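Enquirer: Residues 0 to 360 (numbering that gives the first Met the number 0) make up the sequence shown, in order.
Where a beta carbon is used, it is the ideal one built from N, C-alpha and C, also for glycine.
Given the structure is predicted, the values throughout are model-derived calculations rather than measurements.
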Amino acid sequence: MELITIELRPRLRSCTVFLFMQKSISLDKVQIKLLETSIVLLIGENVTSIILPNIKIVPTSLSSLSVVDRWVCFRLHTQPSDSEFGSFQREVITDTKAQFNILESKRKIIKNSKCTILCMCCKNVFCNELYFQRVLPFPNIDFDPSEWFCSKNDIDFASLLHPNELDLFYGPYFSIINSNIFYNYKKNKKDILCNRCLLNVGLEDKGNSFKIWDCCIDYKLETDEIIIEEASNPLHDFITIIKSFISNNTFGEIILECLLAKQSHYIVIKPMDMRLGILTEENVKCNNDKINLKETFVIKVLYKYGTDKMILPEDCINAKNYEVSLSIIEAGFNYLLLSTKRFPKDYKTIEDYYIGYINIE
């Protein structure tokens, strides 16, 4: 057995089970027995017990059994449970504080150090050594400065977010700096490229400023010692964007877009289940023909990737569009493709969208 995926829906007292075997099998070779806390799978002479943590099965509830090629799929019912896993008690994403601590740590490190900005790929130097005097966070990815003030008459809100030469404004996956401090780069329309390795490190922003991607730059910091604050992980940045959207929206779709000069790239993501409990075989060992499963929470999504410029219909008011680096799109798309492998062919797609998971633990 290579993959085990069990979707839990405690409020419906139902589970959907997807088992991906090492080789093709036929229906007449498969027997399944449900016990209160485990699924017993008999294939020929082989007997495997799959232990379900914190779940009590209704032993007579097996239904919708399907065996196709290497896939075994079925449904079962569960008994009422006091476990928090998959219940209303665990319905809200709770990592906001952890995300704030990461951003606050970034602010303290950069503000209290001599700082040089480097290309993460070739270590090309983008600025002279300097002290940033103001290192300030954006309140969230979807900030609107017009909401920050009681009196809105004759105020140019956009200019308030234009950094001076010793300012650094930062979000969860980008920073905004004054373009006058930046050198050793090439411009290709709006794109900011390293002039040595041509890595796309950011884009031209409003008001004589650059938005630079955290996953494309390193910070060389000097206090009592020299520290290299390395570029962020693009997959972490991708998941951060998704979590931010989910924490502020109950429905809608997410569009991640990278508008390069020669080619556009985008991913459209439509959440289906905002917080779905699943059991998988990840990071567990099979001992004595017993498999213990790992519990986790995911967002179940529809997604698709494209290379044409994304044009939103005029009545599409529930879509959020984020400009991101190509690295974030590549990391996010590859991550989603891996999760799609957990579904058999008939469950992989809906119209022109694929189905996948995004881990939110």
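State the Cα-Cα distance for the pair I50 and T36, rounded to the nearest angstrom.
Expert: For the purposes of this step, residue 50 is taken as the residue at position 51 of the sequence shown. For the purposes of this step, residue 36 is taken as the residue at position 37 of the sequence shown. Distance between the alpha carbons of I50 and T36: 6 Å.
Enquirer: Alpha carbons only, please: which of L292, I349, D307, L301 is nearest the one belonging to L7?
Expert: Reading the sequence shown from its first residue, position 8 is the one you call residue 7. For the residues L292, I349, D307, L301, the minimum Cα distance to L7 belongs to L292.
Enquirer: Mapping DSSP to helix, strand and coil, what is G170?
Expert: Residue 170 sits at position 171 when you count from the first residue of the sequence shown. Coil, per DSSP.
Enquirer: Assign S324 to one of three DSSP states: helix, strand, or coil.
Expert: Numbered from its first residue, the sequence shown carries residue 324 at position 325. Correct three-state label for S324: coil.
Enquirer: Which residue or residues does DSSP assign as beta-bridge partners of D204?
Expert: Taking the first residue of the sequence shown as position 1, residue 204 is located at position 205. Under DSSP, the beta-bridge partners assigned to D204 are S208.
Enquirer: In three-state terms, what does DSSP make of Y334?
Expert: The sequence position of residue 334 within the sequence shown is 335, counting from 1. Reduced to three states, the DSSP call for Y334 is helix.
Enquirer: Bridge partners for V46 per DSSP, in chain order?
Expert: In the sequence shown, counting from the first residue as 1, residue 46 sits at position 47. For V46, which the question treats as bridged, DSSP gives the partners L41.
Enquirer: Using only the alpha-carbon positions, how far apart do V46 and I354 sit?
Expert: For this step, residue 46 is matched to residue 47 along the sequence shown. For this step, residue 354 is matched to residue 355 along the sequence shown. Cα to Cα, the separation comes out at about 31 Å.
Enquirer: On the premise that K303 lies in contact with L275, defined as a C-beta separation below 8 Å, what is that separation, rounded to the nearest angstrom?
Expert: Here residue 275 corresponds to residue number 276 of the sequence shown, with the count starting at 1. Here residue 303 corresponds to residue number 304 of the sequence shown, with the count starting at 1. Not confirmed; about 20 Å, so no contact.
Enquirer: Excluding the 5 residues flanking S174 on each side, which residues of the same chain have their C-beta closer than 6 Å to its C-beta?
Expert: As a working note, residue 174 is residue 175 in the sequence shown. These residues qualify, in order along the chain: L167, I211.
Enquirer: Could you check which residue in F296, V16, N53 has the C-alpha nearest to that of V39?
Expert: The residue labelled residue 39 in the question sits at position 40 within the sequence shown. That would be V16, whose Cα lies nearest to the Cα of V39.
Enquirer: Taking C-beta to C-beta, are D213 and D236 nearer than 8 Å?
Expert: Against the sequence shown, residue 213 aligns to sequence position 214. Against the sequence shown, residue 236 aligns to sequence position 237. At the C-beta level, D213 and D236 come within 8 Å of one another.
Enquirer: Which whole-angstrom value describes the C-beta separation of I5 and C14, a residue pair presumed to lie in contact below a C-beta threshold of 8 Å?
Expert: For the purposes of this step, residue 5 is taken as the residue at position 6 of the sequence shown. For the purposes of this step, residue 14 is taken as the residue at position 15 of the sequence shown. With a Cβ gap of about 5 Å, I5 and C14 count as contacting.
Enquirer: Tell me the rounded alpha-carbon separation between K188 and N207.
Expert: Here the question's residue 188 lines up with position 189 in the sequence shown. Here the question's residue 207 lines up with position 208 in the sequence shown. Cα to Cα, the separation comes out at about 14 Å.
Enquirer: Give me the residue from L61, I180, L202 with the minimum Cα distance to L325.
Expert: In the sequence shown, the residue the question calls residue 325 occupies position 326. Ranking L61, I180, L202 by Cα distance to L325 puts L202 first.
Enquirer: Restricting to Cα atoms, I'd like to know which of E44, L129, V71 is closest to F342.
Expert: Locating residue 342 in the sequence shown gives position 343, counting from the first residue. That would be V71, whose Cα lies nearest to the Cα of F342.
Enquirer: Just mark A230 as buried or exposed, buried being the case when its beta carbon has 16 or more other beta carbons within 10 Å.
Expert: Translated into positions along the sequence shown, residue 230 becomes position 231. Result: buried.
Enquirer: Kindly indicate which residue of P136, M119, F19, N123 has the alpha-carbon position closest to the one of I109.
Expert: The sequence position of residue 109 within the sequence shown is 110, counting from 1. I109 has its Cα closest to that of P136, out of P136, M119, F19, N123.
Enquirer: Would you give the residue range spanned by the beta strand (DSSP E) that Y352 belongs to?
Expert: Here residue 352 refers to the residue found at position 353 of the sequence shown. 352-358 is the span of the beta strand (DSSP E), which, as asked, contains Y352.
Enquirer: Excluding five sequence neighbours on each side, which residues of the same chain lie with their C-beta closer than 7 Å to the C-beta of S338?
Expert: For the purposes of this step, residue 338 is taken as the residue at position 339 of the sequence shown. Closer than 7 Å at Cβ, skipping near neighbours: G355, Y356.
Enquirer: Can you tell which of K55, Y182, E252 has the C-alpha that lies nearest to the C-alpha of P9?
Expert: In the sequence shown, residue 9 corresponds to position 10, counting from 1. Considering only alpha carbons, the answer is K55.
Enquirer: Determine the DSSP secondary structure at K347, reduced to helix, strand or coil.
Expert: Here residue 347 refers to the residue found at position 348 of the sequence shown. Here K347 sits in helix by DSSP.
Enquirer: In whole angstroms, what separates the C-alpha of F250 from that of N317?
Expert: Here residue 250 is taken as the residue at index 251 of the sequence shown, counted from 1. Here residue 317 is taken as the residue at index 318 of the sequence shown, counted from 1. In this structure, the straight-line span from the alpha carbon of F250 to that of N317 is close to 7 Å.
Enquirer: Determine, for S326, whether the minimum Cβ-Cβ distance to residues of chain B falls below 8 Å.
Expert: In the structure shown, chain B does not exist; there is a single protein chain.
Enquirer: Just the C-alpha distance for E256 and N320, rounded to the nearest angstrom, thanks.
Expert: Within the sequence shown, the letter at position 257 stands for residue 256. Within the sequence shown, the letter at position 321 stands for residue 320. Taking the straight line joining both Cα atoms gives about 7 Å.
Enquirer: Can you tell me which of T306, V323, I268 puts its alpha carbon nearest to the alpha carbon of I349?
Expert: Against the sequence shown, residue 349 aligns to sequence position 350. Per the Cα distances, I268.
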